[in-house]
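Protein sequence lines correspond, in order, to chains A and B.
If you're matching positions, the first sequence starts at 4 in this note's numbering and goes up one per residue.
If you're matching positions, the second sequence starts at 4 in this note's numbering and goes up one per residue.
Using N, Cα and C, we set each Cβ at its ideal position, and we do this for glycine too.
As the structure is a prediction and not an experimental result, all values here were calculated from the model.
This report refers to the structure that appears directly beneath it.
Protein chains: 2
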Amino acid sequence: MIERKSERTKSAIRAAARQVFALVGYERATIRDIAREANIDPAMVMRYFGSKDGLFADTANFDLNLPQDLGEAPDKAGERMAAHFIAVWEQEGSGFAVLLRSASSNPVAAARIAAVLSEQLLPAVVAMVGPQEAPQRAGLIASQMLGLALSRYVLSLGPVAAMSREQIIAGIGPTLQRYLYGPLAR
Amino acid sequence: MIERKSERTKSAIRAAARQVFALVGYERATIRDIAREANIDPAMVMRYFGSKDGLFADTANFDLNLPQDLGEAPDKAGERMAAHFIAVWEQEGSGFAVLLRSASSNPVAAARIAAVLSEQLLPAVVAMVGPQEAPQRAGLIASQMLGLALSRYVLSLGPVAAMSREQIIAGIGPTLQRYLYGPLAR
DNA sequence: GTCTATAATTCGATAGAC
DNA sequence: GTCTATCGAATTATAGAC
């Protein structure tokens, strides 16, 4: 089977869109920019994705893909969770950069991040610590991980961007560990 | 002395601009929106602030205003720092919401946040723990505090927004405490 | 000081030729 | 499938009357 030309064009548009959306965010990204980046005609974008919103909805996807065995060795869960987050984010084409870059100003992106929290992170935390305190614990975890991603990948704040993966994991792992299993205020 | 009309107009524009910029970010905010919110003519905005960029530069300001005595009771520094952050952010007109809402897509806003880190937070951390590990520690603190602000005030993520100030401080204080004085990876 | 009119751009989207 | 031409809307910014 020869791959159809239209599919190759579509893939090229998708890749270019991910790149441009991740770099400048939804508002500043233009269909013309994306088409130029993909070396195709701007009208092709409309043909294949219908609208700028349609292209964004197609591109701005993210699956946290948490492993099932996080609760098995509870004393190292924080570190493993931190390492997993970083690995997933740094996967090319994960779509997370697209989402986070636009979340502050684009309601669709913001809603998808909220959905990842409530549909993926929260259930995992429930499975680990039970339903009672899970929302608080998941919320604290989300705040730290979103802040890390914002500082390191979106804003590229010097001190955070300069740290190695190992330093990040060693610094943040214990935080997640405490957010999972440490004491909590009522 | 009667306050001059022009000054009152300028203040009204500033207040409206802060509100609109904080709510929808730099790109989606329009001079017309801001003028309508301030009940003045859009041309007045140009007259007093020169351009949309000029207005944003005037509005998007933030002073972390860290107290000098943070290092004096080192065992409670994390909690006091967390409480101080929250108090400053929730001050009306602090300009922090304006900055954070636009930081992901606006280079000026991003640069100002980076400046707060390097010129205000970092020196304070240096004063507490010395210059050696200060950048890492300040970077970790920034990641947690920016993530909290993003989750709670910008994205309004359910679980984070639902927590009380006390719960936030109890949850995040120990994290900052460890980022300040705990062990670090090399 | 205030407002009207409009210039100059930019962009998403459409129509239709080839 | 691909591309040209262009519409229509929105927005920043300016010129100038009052």
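Residue-level contact by beta carbon fails for A:E122 and chain B, as no gap is shorter than 8 Å. When the Cα atoms are used, B:I116 and B:L67 turn out to be separated by approximately 10 Å. DSSP, read as helix, strand or coil, puts B:T33 in coil. Contact annotation: the segment 41-51 of chain B does not touch the segment 103-120 of chain B, with fewer than three C-beta pairs closer than 8 Å. If only complete runs of 4 or more residues are kept, the segment 7-87 of chain B shows the alpha helix (DSSP H) at 8-31, 34-41, 45-52, 55-62, in order along the chain.
Contact annotation: B:E40 and B:Q22 have beta-carbon atoms nearer than 8 Å.
Residue range 125-132 is occupied by the alpha helix (DSSP H) that includes A:V132. Inter-residue distance for B:A76 and A:F88 is about 34 Å (C-alpha atoms, whole angstroms).
Note on geometry: alpha-carbon atoms of B:I175 and B:A90 lie some 14 Å from one another. The criterion of a C-beta distance shorter than 8 Å is satisfied by B:G98 and B:T62.
For the segment 22-39 of chain A, residues whose beta-carbon sits nearer than 9 Å to a beta-carbon of chain B comprise V27, G28, Y29, E30, R31. Taken in chain order, the members of the segment 123-150 of chain A whose beta-carbon sits within less than 9 Å of a beta-carbon on chain B are L125, A137, P138, Q139, R140, A141, G142, L143, A145, S146, Q147, M148, L149, G150. Under the DSSP assignment, A:P186 falls outside any alpha helix (DSSP H); it carries neither an H nor an E label.
Among the residues of the segment 70-93 of chain A, none has a Cβ less than 7 Å away from any Cβ of chain B.
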